Amino acid sequence: QQQVKQSPQSLIVQKGGISIINCAYENTAFDYFPWYQQFPGKGPALLIAIRPDVSEKKEGRFTISFNKSAKQFSLHIMDSQPGDSATYFCAASISNSGYALNFGKGTSLLVTP
Amino acid sequence: DTGVSQDPRHKITKRGQNVTFRCDPISEHNRLYWYRQTLGQGPEFLTYFQNEAQLEKSRLLSDRFSAERPKGSFSTLEIQRTEQGDSAMYLCASSLARTEAFFGQGTRLTVV
Numbered sequence: 514q515q516q517v518k519q520s521p522q523s524l525i526v527q528k529g530g531i532s533i534i535n536c537a538y539e540n541t542a543f544d545y546f547p548w549y550q551q552f553p554g555k556g557p558a559l560l561i562a563i564r565p566d567v568s569e570k571k572e573g574r575f576t577i578s579f580n581k582s583a584k585q586f587s588l589h590i591m592d593s594q595p596g597d598s599a600t601y602f603c604a605a606s607i608s609n610s611g612y613a614l615n616f617g618k619g620t621s622l623l624v625t626p
Numbered sequence: 880d881t882g883v884s885q886d887p888r889h890k891i892t893k894r895g896q897n898v899t900f901r902c903d904p905i906s907e908h909n910r911l912y913w914y915r916q917t918l919g920q921g922p923e924f925l926t927y928f929q930n931e932a933q934l935e936k937s938r939l940l941s942d943r944f945s946a947e948r949p950k951g952s953f954s955t956l957e958i959q960r961t962e963q964g965d966s967a968m969y970l971c972a973s974s975l976a977r978t979e980a981f982f983g984q985g986t987r988l989t990v991v
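As given, the protein sequences belong to chains A and B, one line each in that order. For what it's worth, the numbering used here labels the leading residue of the first sequence as 514, then goes sequentially. For what it's worth, the numbering used here labels the leading residue of the second sequence as 880, then goes sequentially.
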């Protein structure tokens with residue numbers, strides 16, 4: 514059973530545009546929500562993470578928006594660049610159960626020149 | 880390189896054979912995780928160690944799978960009597976308590 518649902522499955526954005534990826538969860542015990550970026554043949558790398566006590570977190574061109582009541586969170590990539598082309602995964606975990614991550618199915622992002 | 884190291888990077892094995900993978904976490908990290916990732920899917924949690932203690936196992940970890948972390952340092956994941964459905968990328972990650980998890984490059988297993 515997929516505990517974190519991610520959409521869209523794939524996304525094409527022009528260089529300079531905004532990429533938006535959405536995730537939803539059901540388990541209200543989740544209290545840590547990271548986003549990972551994965552290039553082909555590599556392991557996932559943490560981009561940015563948020564805890565439910567804040568509604569937004571920004572790091573450079575990457576922003577997480579978090580809506581606790583709707584149980585949804587999203588990743589916004591501003592000024593998207595061809596080098597951002599990768600697969601992005603949202604995840605959720607429970608801090609007092611070891612932070613084992615429950616991943617979404619991923620979004621394949623292609624940024625065209 | 881002080882990141883998470885996994886060995887081998889690729890493994891091709893015949894169905895029915897046993898395979899073992901190794902993970903060396905970042906040296907000061909006390910938590911170690913194993914995940915499995917199939918093509919087009921997100922990683923799926925398999926098991927988690929805090930120091931040498933295996934604290935959680937997913938129901939995905941059938942009795943053909945066993946993981947160890949002797950002395951709380953490196954970890955091994957063994958798959959006995961491999962099946963074609965075991966073909967996947969096996970990812971290891973490590974972390975300190977309440978901090979981000981860093982992933983290794985993974986071991987890609989192909990069962991033929």
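Yeah, the Cβ is synthetic: ideal placement off N, Cα and C, and Gly gets one too. Remember, predicted model here, so these are calculated numbers, not experimental data.
- Give the residues of chain B in contact with residue 555 of chain A, contact being defined as C-beta atoms less than 7 Å apart. As a first step, residue 555 of chain A is located in the first sequence; it is residue number 42 there, counting from the start. Using a Cβ-Cβ cut-off of 7 Å, residue 555 of chain A is close to 984 of chain B, given in chain order.
- Message: For residue 550 of chain A, report the span of its beta strand (DSSP E) as first-last.
- Response: Mapped onto the first sequence, residue 550 of chain A falls at position 37. Unbroken beta strand (DSSP E) run through residue 550 of chain A: 546-551.
- DSSP beta-bridge partners for residue 886 of chain B? Your numbering for residue 886 of chain B matches position 7 in the second sequence. Per DSSP, B:901.
- Message: 8 Å is my cut-off, CB to CB: does residue 610 of chain A come that close to chain B?
- Response: Locating residue 610 of chain A in the first sequence gives position 97, where the first residue counts as 1. At least one chain B Cβ lies under 8 Å of residue 610 of chain A.
- Report whether the distance from the Cβ of residue 618 of chain A to the nearest heavy atom of the ligand GTP is below 7 Å. In the structure shown, the ligand GTP is absent, as is every other ligand, since no ligand is present at all.
- Query: Is there a Cβ from chain A that is less than 8 Å from the Cβ of residue 907 of chain B?
  - Reply: Taking the first residue of the second sequence as 1, we reach residue 907 of chain B at position 28. No, no contact with chain A.
- Item | For residue 963 of chain B, three-class secondary structure by DSSP | Reading the second sequence from its first residue, position 84 is the one you call residue 963 of chain B. It is helical.
- Message: When you compare the CB of residue 947 of chain B with every CB in chain A, is at least one pair closer than 8 Å?
- Response: Here residue 947 of chain B refers to the residue found at position 68 of the second sequence. Not one chain A Cβ lies under 8 Å of residue 947 of chain B.
- Message: Strictly under 8 Å for the Cβ-Cβ distance: is residue 934 of chain B near chain A by that measure?
- Response: Here residue 934 of chain B refers to the residue found at position 55 when the second sequence is read from its first residue. So, interface residue.
- Span of the beta strand (DSSP E) holding residue 572 of chain A? The residue labelled residue 572 of chain A in the question sits at position 59 within the first sequence. Start and end: 569-572.
- Item | Burial state of residue 976 of chain B, where buried means 16 or more other Cβ atoms lie within 10 Å | If you number the second sequence from 1, residue 976 of chain B lands on position 97. By the beta-carbon neighbour count (other beta carbons within 10 angstroms, threshold 16), residue 976 of chain B is exposed.
- Output, in sequence order along the chain, the residues in the segment 555-576 of chain A whose CB is closer than 8 Å to any CB in chain B. 555, 556, 557, 558, 559 and 562
- Determine the DSSP secondary structure at residue 578 of chain A, reduced to helix, strand or coil. Here residue 578 of chain A refers to the residue found at position 65 when the first sequence is read from its first residue. Reduced to three states, the DSSP call for residue 578 of chain A is strand.
- Going by CA-CA distance only, name the one from B:951, B:990, B:972 and B:989 that's closest to residue 982 of chain B. Looking up residue 982 of chain B in the second sequence gives position 103. Among B:951, B:990, B:972 and B:989, the Cα nearest to that of residue 982 of chain B is on B:972.
- Query: Taking the alpha-carbon positions, what's the residue 544 of chain A to residue 932 of chain B distance?
  - Reply: Position 31 of the first sequence, counted from the start, is the residue given in the question as residue 544 of chain A. Position 53 of the second sequence, counted from the start, is the residue given in the question as residue 932 of chain B. Distance from the CA atom of residue 544 of chain A to the CA atom of residue 932 of chain B, rounded to whole angstroms, is 24 Å.
- Message: Quick check: the segment 606-625 of chain A against the segment 945-965 of chain B, are at least 3 beta-carbon pairs closer than 8 Å?
- Response: Contact between the segment 945-965 of chain B and the segment 606-625 of chain A is not established, with fewer than three Cβ pairs separated by less than 8 Å.
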